[in-house]
Amino acid sequence: MKKKRASQKEVYTLADLKSWRDVDPAIRLAVFGDPVEHSLSPQMQNAALKHSKIDTQYARFHILQNELRDAFDLIRELKFIGVNLTIPHKIAALELLDLVDDNAKRVGAANVLKMDNGKLHGFNTDGRGFSRAVREEFSVDLRDLRVMVLGAGGAARAIARQCAKENCERLAIANSTFEKGQQLADSLRNFFEGPKVLGPVARLQAIPWDERAFQFQIANVDLVVNATPVGLNRSDPSPIPSRLLAPHVMVYDAIYSEKRTPLVSAAIEAGARAANGLSMLLHQGALAFEIWFQREAPLEVMRAAIR
Ligand code: NAP
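Under my numbering, the first residue of the sequence shown is numbered 269, with each subsequent residue one higher.
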C-alpha cells in the first residue's frame, strides 16, 4: 500500500528532520534560522520552482545555534538539494561545511549551501544581491558612494566586502562590539590603498556605536545600511534616530518587511530616500536558485511572489 504523505507545516524543527515525513512534492530545499517564522524565502523560491517545473518544495526550519551540526548531518542523509542560512547561522556554518567557495571564505560567512555528491558546499550571494538591490532602488552604483554599514555579522561582512570590491568612495563600519567592526575594517584594508582622496575623513574606518559618531559620519556618507537585526521586532527603535538622518542620505535597511521598518520610517521622517531589504532578498535568492539549478532564475516571478 502507498504510504500516506504528511501535510506541509509552516515551520519545521530538528525533531521533524530526525523523523522525516515527506510531503508532495518532496521538500528538498530549506531556510535554517532562529527566528525564521518571518522568512519570505519559501514563497519566493516555491514560486520559482513551480514556474520552472522543478518537482520539489522549499520550507522553513527553526534551527537553533546548537542544532546546526545535527541538522547538516540529517540533510546530507536526506539528500537535500540546498539550504539558505539566515540569522544566526551564516558565520558558524563555515566550520561545519565540507567545502567553502572562495568568496564565502573571504566574507567569512555563507548564506547558500548546495549538496554536491553528498558534500555540503557553502556560497555567499548576499554581497552581490545587495549591490543589485542598491542599483535597483536608488539607480546608483556602489563605486560612486560613501557608505556607512551598521553591523559586523554575516550580512554586514558580505555587504562591506562588496562595497570594498566595487571600490566605493569610502566605508565606515559601526558595530555594537567595536572590536568586531575594527576586525572587519582591517580585513578590507587592502581594497582602500588606492588614490581616492577625501580630505580629512578616512576612506576606511571602524566607528563606535554612538550618536556622536553617527552624526559625524552621516555628514560624510551618501548611503547608510542597516545590517543588524535592530528593527526586526516592531517594538524596536530605529538603529539611527530620525533627528540624526538628513535628506541627502539614502538609507537601505537589510531587514525586509511589508510595513515600514523603524529605520525606513525614521529616514522618511528626515526627508531621506529609503528602501527595505525586500530587493536584497530577491536578488540574493535569485543568485541562490542559479547556484542550485545552474539556470537563470525567473526574477519577475520571484518578485511578484514577495510583493
Ligand atoms: P548576525 O550574523 O547575527 O549579525 C548581527 C549583527 O547585528 C552583529 O554585528 C551584532 O553586533 C549586531 N546586533 C545585534 N543586536 C544588536 C543590537 N541590539 N544593537 C546593535 N547591534 C546589534 O546576523 P546577520 O545574518 O548578519 O543578519 C543581520 C540582519 O540582516 C538580519 O535582520 C537579517 O534579517 C538581515 N538580512 C537581510 C537579508 C536580505 O536579503 N534582505 C540578507 C541577509 C541578512 P555584535 O557583533 O556586537 O553582536
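Each residue gets a CB set at the ideal place from its N, CA and C atoms; glycine is no exception.
Since the structure is predicted, the reported quantities are computational estimates derived from the model, not experimental observations.
Self-check item: DSSP three-state assignment for L546, whether helix, strand or coil
Solution: In the structure shown, L546 falls within a helical segment according to DSSP collapsed to helix, strand and coil.
Exercise. Please indicate yes or no: does the CB of L418 lie closer than 8 Å to some heavy atom of the ligand NAP?
Key: Checking every heavy atom of the ligand NAP against the Cβ of L418, one is found closer than 8 Å.
Quiz item: Quick one: does the C-beta of G395 sit closer than 8 Å to a heavy atom of the ligand NAP?
Solution: For the ligand NAP, not one heavy atom lies less than 8 Å from the Cβ of G395.
Quiz item: Would you report the Cα separation of A361 and T393, rounded to the nearest angstrom?
Solution: Distance between the alpha carbons of A361 and T393 is about 15 Å.
Quiz prompt | C-beta contact flag for Q333 and P356 at 9 Å | solution = Using a Cβ distance threshold of 9 Å, Q333 and P356 count as a contacting pair.
Exercise. Identify whether A283 lies in helix, strand or coil by the three-state DSSP scheme.
Key: Look at A283 here: in three-state DSSP terms it is helix.
Quiz item: Considering only C-alpha positions, which residue in the set R541, G376, V489 and F459 is nearest to D412?
Solution: Per the Cα distances, V489.
Quiz prompt | Neighbourhood of E564 by C-beta, 7 Å cutoff - its chain only, sequence neighbours within 5 removed | solution = Counting only Cβ-Cβ distances below 7 Å, and skipping sequence neighbours, we find E558.
Practice problem: Round the Cβ separation of L491 and Y520 to the nearest angstrom and send it over; I've been treating them as touching at under 8 Å. | Solution: About 6 Å separates the beta carbon of L491 from that of Y520, a gap short enough to meet the 8 Å contact definition.
Self-check item: Same chain, Cβ closer than 8 Å to A540, neighbours up to 5 away in sequence not counted
Solution: If we look at A540 and ignore the five residues flanking it on each side, its Cβ neighbours are L513, A514, P515, H516, V517, M518 and V519.
Quiz item: Helix or strand or just coil, what does DSSP make of Q562?
Solution: Annotated three-state conformation of Q562 is coil, per DSSP.
Quiz item: Comparing alpha-carbon positions, which option in H551, H306, A315 and I322 lies nearest F561?
Solution: Nearest to F561 by C-alpha distance, out of H551, H306, A315 and I322, is I322.
Practice problem: For N494, count neighbouring Cβ atoms within 10 angstroms of its own Cβ and tell me buried if that reaches 16, exposed if not. | Solution: Buried, because 16 or more other Cβ atoms sit within 10 Å of the Cβ of N494.
Self-check item: Spatial distance of F459 from P293 (CA atoms)
Solution: Approximately 46 Å between the Cα atoms of the pair.
Quiz item: Under 8 Å from any heavy atom of the ligand NAP, does the C-beta of N488 make it?
Solution: Checking the Cβ of N488 against the ligand NAP gives no.
Quiz item: By Cβ distance, which residues of its chain are closer than 8 Å to K277, with the 5 residues on each side in sequence left out?
Solution: These residues qualify, in order along the chain: D284 and A327.
Quiz item: Do M548 and the ligand NAP come close, with the Cβ less than 8 Å from some heavy atom?
Solution: Yes, since a heavy atom of the ligand NAP falls inside the 8 Å radius drawn around the Cβ of M548.
Quiz prompt | I574, DSSP secondary structure in three states | solution = Reduced to three states, the DSSP call for I574 is helix.
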